[in-house]
Every structure is written in structure tokens, then in C-alpha cells.
Amino acid sequence: MPKKRYAQLLEDKDLRRWYDNVARGSVITADVYLRRLGGFCKDYKQNPQILSEMKEEELYNLLLDAVSDLEHKGYAGSYQQSILKAIRSWLAFNGRTITRKIKIKGAYETPSLAKERVPTQPELKKIFLAGNNQQRAACSLLAHSGLRIQVLGNYKGTGGLRLGDLPGLKVEDKSIEFEQIPLQIVVRPGLSKAGHLYFTFLSQEGCNYLKDYLEERLRKGEKLNEDSPLITPKIPKRPFITSIKVGDLIRKALRKAGFEWRPYVLRSYFDTQLMLAESKGCCLRDYRTFWMGHKGDIEHTYTTNKGKLPPDIIEDMREAYKKSQEFLQTEVMTPKEKEIKDIFKKQFLRMSGFSEEEAREFLEKNPSDEELKRVVRERLLGNNLQRDGNGKLRQKVVLLEELGKYLEEGWEFVTQLQDNKAIVCFSER
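Each residue of the sequence shown is one higher than the last, beginning at 2 in our numbering.
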């Protein structure tokens with residue numbers, strides 16, 4: 002709803018029809034146009050009806066004088082352009098067009114953004130740490146999923162992402178679990194700026210922040226289900242948070258971290274970092290375009306097939322995102338740390354009965370910690386339940402001094418443990 006200062010203009014039936022017509026495309030645009038038109042009429046002692054009936058020469062001269070006046074007062078060219086857009090829209094509604102050109106200096110320049118840049122990974126980490134659980138979750142959804150602010154909560158607070166839009170998210174008692182990471186996030190057409198259905202993913206780090214935020218809501222007594230808003234307002238006047246409030250949440254974290262950037266710089270971070278990942282061969286440009294919510298070849302296929310892509314394409318996109326996580330996440334491991342972690346993972350797999358080749362192939366898929374635990378648990382369970390024809394366990398721990406004896410009996414060496422022990426498995430050959 003427009004500000005009260007200009008709401009009175011809507012008492013005019015023609016103006017109301019124009020406003021409603023623009024609002025059917027975008028309520029935000031309708032409100033901005035109404036403010037610009039109302040402000041222009043106030044400053045230059047006009048009213049909308051007089052403008053629509055003014056002679057062409059008189060109207061053209063009025064607009065030229067207004068542009069010169071605004072330029073002299075130091076207003077940005079983009080602001081002047083937005084005023085003319087609103088006036089042109091109102092005139093077009095009344096069957097009028099301005100045929101002669103009105104030149105505006107710097108109409109497409111953004112001087113307030115000239116010094117703005119995309120944060121580095123350490124700076125993004127600083128932003129995350131500066132915010133509370135809700136702010137971290139909102140920041141990560143922009144920076145690691147590329148979502149627009151309006152996807153989390155629309156302009157009027159009547160719609161936004163729900164828990165049901167995250168297919169792999171499960172509410173279990175007082176905890177939140179994820180079936181698969183990276184987590185898929187489906188953006189419905191009503192939330193998409195371009196008006197089409199698409200999806201993106203959320204990183205391991207982003208899932209951690211989202212889990213903390215949702216579990217905090219559970220501890221406070223909120224009952225969560227698939228219809229629950231993903232981000233809620235502080236004072237629940239509406240079911241969903243408004244896009245303005247989402248921007249405020251993110252801005253608070255930015256300011257606490259010492260940055261004067263706009264909230265949308267986090268979406269730019271997602272785009273820029275994935276461009277870098279693309280240059281390293283981690284993901285395709287078409288994937289990045291689709292995750293950003295832009296129209297393209299994949300979007301066309303997804304829309305034509307009524308929101309369905311072949312499972313292998315979806316999993317390939319998930320795998321590409323997983324490989325690109327290192328460019329998005331702020332919890333960056335040094336090569337040495339990663340090497341040590343990979344060694345432990347490999348040993349973990351070998352202890353559960355994986356062969357050297359199986360362990361290597363599995364780790365090449367860059368599995369999440371949850372996947373690793375699940376696979377190891379399943380393998381261990383299978384090893385301990387299955388026995389050979391002589392009733393012996395297929396895998397067990399033995400003393401190193403007894404290793405030779407077991408090898409002679411047909412057992413295979415798996416790995417060495419501490420305290421002079423080793424794991425062996427029974428050979429089926």
C-alpha cells in the first residue's frame with residue numbers, strides 16, 4: 002500500500018485504475034510510480050489530470066524544465082529517469098505519448114554504487130559472525146543460493162519461501178535434519194521475478210546456519226510444518242516477513258560487520274564466485290544462470306516439462322554445486338587440513354570394509370559428512386551381519402602379532418589401528 006501522503010491520489014477513479022493496472026505487473030513498481038507522479042505534481046504545482054490533458058508543446062517544455070531543475074539541484078540521472086518513467090506510464094494510460102526525446106545526463110549510472118564491491122570470503126564470514134541466527138540464515142540464502150530478497154518474503158508479507166519448498170528438509174521433534182546436502186530449494190512462480198519455476202541449492206555451511214535458526218524457533222515453542230514460512234517476522238502481524246524487513250535483517254549484519262554495502266551485494270557474491278567456479282571447470286554457465294533465476298535453455302526445458310527435469314540432470318547440477326562450494330563457503334580449509342581430513346575419511350572407509358579402489362572412487366565424489374557416515378554405517382552393518390560358510394565374521398580387529406596367521410588363513414589386511422592392532426576382512430576368493 003502506498004504511503005499516506007500519496008494514497009489520497011487514489012481517490013481519483015482514473016488514477017486508481019492506472020495504479021491497479023501497473024500493480025498487476027508489480028506492486029512495487031506501482032507504489033514507486035505513484036510516489037514519483039505525486040512528488041512531481043507537488044513540486045511543480047500540477048495534478049495528474051492536468052498533466053494528461055496538457056498540450057504537447059506545453060507538456061514537453063514542462064518536462065524539459067523539470068529535468069534541468071533536478072539536474073541543477075544535484076539529483077542523480079537515474080532518479081530523474083524514474084520520474085519520467087512514472088509520468089510516461091500515466092500519460093500512456095490516458096492515450097498520450099511523448100514523441101520527442103528528453104535527454105538525461107547519467108540516466109543509467111548508479112553513483113551511490115560506484116564504490117561498492119563484492120565481499121571476499123573472509124569478509125562474508127565476518128558478516129555471518131556479526132549476525133544472529135535469523136540474520137545468518139537470511140544472509141546465507143542470498144550469498145550461497147543466489148536468492149532474491151523477495152523470494153524470502155514478498156513486498157506485502159503475504160508470501161515467501163515455505164519449509165515445504167526445501168524438499169530435503171525434515172522436522173523431527175526438536176531438531177532439523179537434511180536428507181541430502183547440498184539442499185535443494187524450489188522457487189515457485191509467484192516468488193520468481195521472471196514468473197517461472199526454478200530451483201537452486203544451499204551449501205553445507207548455509208544448512209548449518211538454517212538448522213540453527215529453525216531449531217531456535219522450535220525451542221521457543223513454534224510448531225513447524227511444510228507450510229511454515231522459512232523466515233518469519235519479529236512481530237507476526239503477517240504470516241510472512243516483508244521484503245523490506247528481510248533487507249533490514251541483512252543490512253544489520255552488514256553494518257555490525259563494518260560494511261556499508263547494500264543487502265543485494267550478497268547475491269552478487271553468489272554470481273561472482275560461481276563465475277570463478279565456472280572458470281575452474283566446476284559448473285556450467287547454464288547451471289549458474291538457472292540457479293540465479295534467470296531465463297535460459299535449462300529454464301525453458303524445466304518450464305516446458307512442467308517443473309520436471311530428468312533425475313540425472315538434477316543430480317549432475319547438485320554435484321556441480323557441491324564442487325563449487327569451496328568458492329562460496331567461508332569455512333575454507335587449507336590444503337594441508339584438507340589432505341589430513343581426506344586421509345581420515347579414507348581410513349574410515351577402509352576400516353568399514355571398502356577396498357582401496359572403492360574408497361578412492363567414493364571420495365572423488367566429494368561426499369558430505371552425512372553421506373560418509375551413512376555409507377560407513379551401512380557397510381559396517383552389512384559386514385557384521387554377513388558371515389562366510391564357516392560362520393566367521395567377514396571383518397574383525399586382531400593383534401598385529403597375529404596378523405600373519407590370519408593372512409595365511411585367507412583373511413585380507415584392511416588397515417592398521419593404534420595399540421598394535423589391525424583390521425582384517427575375510428577373502429571370498
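We put the CB at the ideal spot given by N, CA and C, even for glycine.
Item to check | Rounded distance between the beta-carbons of Thr331 and Lys126, thought under 8 Å | outcome: Along the sequence shown, one-based indexing puts residue 126 at 125. Along the sequence shown, one-based indexing puts residue 331 at 330. Right, the Cβ-Cβ distance comes to about 3 Å (below 8 Å), so this counts as a contact.
Next on the checklist: Spatial neighbours of Phe41 within its chain, please: C-beta separation below 8 Å, excluding the five flanking residues on both sides.
Outcome noted: In the sequence shown, the residue the question calls residue 41 occupies position 40. Around Phe41: Gln47, Ala67, Ile84, Ala87, Ile88.
Item to check | Distance between Tyr214 and Arg220 (C-alpha atoms, nearest Å) | outcome: Translated into positions along the sequence shown, residue 220 becomes position 219. Translated into positions along the sequence shown, residue 214 becomes position 213. Computed Cα separation, rounded: 10 Å.
Checklist entry - Three or more beta-carbon pairs under 8 Å between the region 314-322 and the region 271-290, yes or no? => result yes
Item to check | Buried versus exposed call for Val398 [16 or more other C-beta atoms within 10 Å across all chains shown] | outcome: One-based indexing of the sequence shown puts residue 398 at position 397. So Val398 ends up on the exposed side.
Checklist entry - When the Cα atoms are used, what is the spatial distance from Leu60 to Arg18? => result Your numbering for residue 60 matches position 59 in the sequence shown. Your numbering for residue 18 matches position 17 in the sequence shown. The straight-line gap from Cα to Cα measures roughly 22 Å.
Checklist entry - Candidates Asp272, Ala360, Glu358, Ile344: which alpha carbon is nearest Gln326's? => result Along the sequence shown, one-based indexing puts residue 326 at 325. The shortest C-alpha separation from Gln326 is found at Asp272.
Item to check | Opening and closing residue of the beta strand (DSSP E) in which Val119 lies | outcome: Counting from 1 along the sequence shown, the entry for residue 119 is found at position 118. Run containing Val119: none; DSSP gives neither H nor E here.
Checklist entry - Hey, which unbroken runs of the beta strand (DSSP E) at 3 residues or more fall wholly within the region 94-175? => result 170-173
Checklist entry - With distances taken between CB atoms, is the gap from Gly75 to Gly107 smaller than 8 Å? => result Taking the first residue of the sequence shown as 1, we reach residue 75 at position 74. Taking the first residue of the sequence shown as 1, we reach residue 107 at position 106. For Gly75 and Gly107, no; Cβs fall outside 8 Å.
Checklist entry - On the premise that Gly169 lies in contact with Phe179, defined as a C-beta separation below 8 Å, what is that separation, rounded to the nearest angstrom? => result Position 178 of the sequence shown, counted from the start, is the residue given in the question as residue 179. Position 168 of the sequence shown, counted from the start, is the residue given in the question as residue 169. Confirmed, Cβ separation roughly 5 Å.
Item to check | DSSP beta-bridge partners of Leu425 | outcome: In the sequence shown, counting from the first residue as 1, residue 425 sits at position 424. Rather than Leu, the amino acid found at residue 425 in this sequence is Val. Answer is Lys397, Phe414, bridged to Val425.
Item to check | Met352 burial status per 10 Å Cβ neighbour count (16 or more: buried) | outcome: For the purposes of this step, residue 352 is taken as the residue at position 351 of the sequence shown. Buried.
Next on the checklist: As a quick exercise: from Arg149, Leu64, Ile251, pick the residue whose alpha carbon is nearest that of Gln81.
Outcome noted: Taking the sequence shown and counting its residues from 1, one reaches residue 81 at position 80. Cα-wise, what sits closest to Gln81 is Leu64.
Next on the checklist: Can you give me the C-alpha to C-alpha distance between Leu250 and Gln135, rounded to a whole angstrom?
Outcome noted: Within the sequence shown, the letter at position 249 stands for residue 250. Within the sequence shown, the letter at position 134 stands for residue 135. Whole-angstrom Cα-Cα distance: 8 Å.
Checklist entry - Per DSSP, what kind of secondary structure is Ile177 in: helix, strand or coil? => result In the sequence shown, the residue the question calls residue 177 occupies position 176. In the structure shown, Ile177 sits in a strand (DSSP, three-state: E or B).
Checklist entry - What does a CB cutoff of less than 6 Å around Leu401 pick up in its chain, not counting 5 residues either side in sequence? => result Locating residue 401 in the sequence shown gives position 400, counting from the first residue. Contacts found: Asn421, Ala423.
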